[in-house]
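K.L.:
Okay, here's the structure, questions in a sec.
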Amino acid sequence: MCGIAGLVFGAPVEDPIALGRALTQSLHHRGPDAQGWAQLPRRRGLLAHTRLSVIDLSDRARQPFWSPDGAVTLVFNGEIYDFAPLRHALEARGVRFRSDSDTEVILQQYLVHGPAGLDALDGMFALALYDAHRDRLVLMRDRTGKKPLYWARTPSGGAIAFASEVKALAGVPGVTFAPEPAHLAEYLTFGYVGTPRSAFKGVQRLPPAHRMIVSAGGPPTLTRYWQLPPPRAARGRVSVPEALARVRGAVGDAVARRMVADVPLGAFLSGGVDSSVIVAEMARRSSHPVRTFCVGFEDDRTFDEREPARQVAQRFGADHTELVVRTSPTELLEKLLWHH
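Just so we're on the same page, the working numbering is the position in the sequence shown counted from 1, plus 488.
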């Protein structure tokens with residue numbers, strides 16, 4: 489995962505270096521491979537990024553990523569599964585790329601097709617794009633909301649701040665934090681706070697499958713760009729072998745799309761149905777043993793999944809690693825909360 493954050497519109501940032509450092513430091517755990525920030529044209533704000541390199545490990549893919557004329561700036565967290573066919577389609581229109589990254593595909597998709605062109609993205613992602621030609625900010629989140637994106641308006645209403653994690657907003661001038669009692673009650677009742685709300689006053693989450701466009705001085709415009717297709721009417725009974733073949737094909741395709749990377753791949757393995765199926769499909773598609781990882785608890789056998797994970801790892805010839813937690817979970821609580 490990577491981390492993105494920024495502040496756009498409003499008064500010029502008094503100390504952009506300090507803000508850039510504060511944003512990248514607060515999200516360093518999300519992207520330890522590289523950190524970068526950029527002041528936008530005409531001092532319209534600042535975008536920051538921390539990178540976990542997965543596709544195109546070179547400096548050509550570092551972010552923030554600019555258009556050739558320097559007018560459009562992009563920061564992006566996640567992975568685009570269909571970036572290869574999108575790239576081929578753009579190249580057929582004469583677009584020339586300077587990197588092999590999925591990040592540049594996002595940028596060129598916007599430059600060629602506008603905001604609606606981003607609707608074609610299929611993956612897990614959150615992105616922020618500033619267009620100096622039109623003086624507008626585009627925020628967007630993947631179809632199912634796998635990657636987080638929080639945003640807030642400063643009290644004056646003139647600036648938009650956003651980040652992958654709420655705590656990064658604490659370093660943005662003008663953004664104040666106060667608990668929202670009603671939303672905390674919602675969390676204590678249901679175990680979560682429903683989108684677009686958060687546990688803090690004035691801080692919202694961009695809903696999954698939505699794109700938000702903000703122009704200078706105007707209200708945010710929120711657009712739902714995708715929704716789950718309605719179920720197709722059943723065409724008679726499906727046999728068990730046919731159902732198994734369909735499910736296996738769908739799961740296999742999903743796993744294959746997520747195995748595109750320029751770094752070694754691995755899988756978390758608990759020994760349960762979900763993770764075991766994923767490891768099985770990875771093993772079918774890999775010429776090397778799949779790296780698997782399992783967490784065990786030395787003093788709490790109730791949650792210790794090492795034994796079933798070992799059995800699955802052995803069945804599929806995985807290169808298995810066990811991490812044993814010897815510290816009380818309560819002692820880790822503060823660290824876990826910070827990284828969450």
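We put the CB at the ideal spot given by N, CA and C, even for glycine.
What you are looking at is a predicted structure, and each value in this text was computed from that prediction instead of being measured.
Does Ser514 come out as helix, strand or coil in the three-state DSSP assignment?
P.N.:
Helix, per DSSP.
K.L.:
Comparing C-alpha positions only, which one of Val812, Leu694, Gly679 sits nearest to Phe613?
P.N.:
Ranking the options by Cα distance to Phe613, first place goes to Leu694.
K.L.:
What residues are listed by DSSP as bridge partners for His808?
P.N.:
Bridge partners of His808: Thr780.
K.L.:
Give a yes or no on whether the C-beta atoms belonging to Ala656 and Ser514 are separated by under 7 Å.
P.N.:
Taking 7 Å as the Cβ cut-off, Ala656 and Ser514 qualify as a contacting pair.
K.L.:
Please say whether Thr561 and Leu535 have beta carbons closer to each other than 7 Å?
P.N.:
For Leu535 and Thr561, yes; Cβs fall inside 7 Å.
K.L.:
Confirm, please, whether the CB-CB distance from Phe650 to Ala616 is below 7 Å.
P.N.:
Yes, Cβ-Cβ distance for Ala616 and Phe650 is below 7 Å.
K.L.:
So, under 8 Å CB-CB, Tyr638 and Val496 are touching, yes? Tell me the CB distance rounded to an integer number of Å.
P.N.:
Contact doesn't hold; Cβ gap of about 14 Å is too wide.
K.L.:
Do Glu793 and Ser758 have their C-beta atoms closer together than 7 Å?
P.N.:
Contact: yes.
K.L.:
Could you name the residues of the same chain whose beta carbon sits closer than 6 Å to that of Asp807, not counting the 5 residues immediately before and after it, in chain order?
P.N.:
Excluding sequence neighbours, Asp807 sits near Pro777, Arg779.
K.L.:
Given a cut-off of 7 Å on the beta-carbon distance, is the pair Gly611 and Ile543 in contact?
P.N.:
In this structure, Ile543 does not lie closer than 7 Å to Gly611 by Cβ.
K.L.:
When the Cα of Ile505 is compared with those of His517, Arg518, Gln523, Thr815, which residue comes out closest?
P.N.:
With distances taken between Cα atoms, Ile505 lies closest to Gln523.
K.L.:
Are the CB atoms of Pro696 and Gly633 nearer to each other than 7 Å?
P.N.:
Yes, these two residues count as a Cβ contact at 7 Å.
K.L.:
Rank Ala658, Arg803, Arg712 by C-alpha distance to the C-alpha of Gly690 and give the top, closest one.
P.N.:
Closest option to Gly690, Cα to Cα, is Ala658.
K.L.:
According to DSSP, simplified to helix, strand and coil, what is His671?
P.N.:
Note: His671 maps to helix in three-state DSSP.
K.L.:
Excluding the five sequence neighbours on either side, which residues of its own chain have a C-beta within less than 7 Å of the C-beta of Thr538, listed in chain order?
P.N.:
The answer, listed in chain order, is Cys490, Gly491, Thr512, Leu515, His516, Arg518, Gly519, Gln523.
K.L.:
Going by the beta-carbon positions, is the gap between Pro603 and Val626 smaller than 7 Å?
P.N.:
Closer than 7 Å, so yes.
K.L.:
What does the alpha-carbon distance come out to for the pair Arg736 and Ile766?
P.N.:
C-alpha separation (whole angstroms): 11 Å.
K.L.:
Buried or exposed: where does Gly566 fall if 16 or more other Cβ atoms within 10 Å of its Cβ makes it buried?
P.N.:
When all chains shown are included, Gly566 counts as buried.
K.L.:
Among Ala673, Leu578, His827, which residue has its Cα nearest to the Cα of Ala687?
P.N.:
Residue Ala673 is the option with its Cα nearest to Ala687.
K.L.:
Just list the residues that DSSP pairs His698 with in beta bridges.
P.N.:
Its beta-bridge partners are Arg712.
K.L.:
Between the beta-carbon of Asp521 and the beta-carbon of Leu540, is there less than 7 Å?
P.N.:
Result yes, Cβ atoms of Asp521 and Leu540 sit closer than 7 Å.
K.L.:
Since Ser703 sits in a beta bridge, which residues does DSSP pair it with?
P.N.:
Ser703 is bridged to Arg624.
K.L.:
Arg631 and Ile701 - do their beta-carbons sit closer together than 7 Å?
P.N.:
The answer is no: Cβ separation not under 7 Å.
K.L.:
I'd like to confirm the pairing. Which residues does DSSP put opposite His537 in its beta bridges?
P.N.:
Paired residues: Ile492, Gly524.
K.L.:
State the Cα-Cα distance for the pair Gly646 and Gly533, rounded to the nearest angstrom.
P.N.:
Going from the Cα of Gly646 to the Cα of Gly533 covers about 11 Å.
K.L.:
Roughly how many angstroms lie between the CA atoms of Arg550 and Val783, to the nearest whole one?
P.N.:
Each residue's alpha carbon lies about 32 Å from the other.
K.L.:
Could you give the DSSP three-state label for Tyr598: helix, strand or coil?
P.N.:
Looking at Tyr598 - three-state DSSP - the assignment turns out to be helix.
K.L.:
Shortest alpha-carbon distance to Arg509 belongs to which of Arg699, Ala499, Leu716, Gly494?
P.N.:
When only C-alpha atoms are compared, the closest one is Gly494.
K.L.:
Would you identify the three-state DSSP class for Asp590, choosing helix, strand or coil?
P.N.:
If DSSP states are grouped into helix, strand and coil, Asp590 belongs with the helices.
K.L.:
Just how far apart, CA to CA, sit Glu592 and Val563?
P.N.:
Taking the straight line from one Cα to the other gives about 10 Å.
K.L.:
Give every residue of the same chain whose Cβ lies closer than 6 Å to the Cβ of His621, excluding the five residues on either side of it in the sequence, and list them in chain order.
P.N.:
Here the set comprises Ala559.
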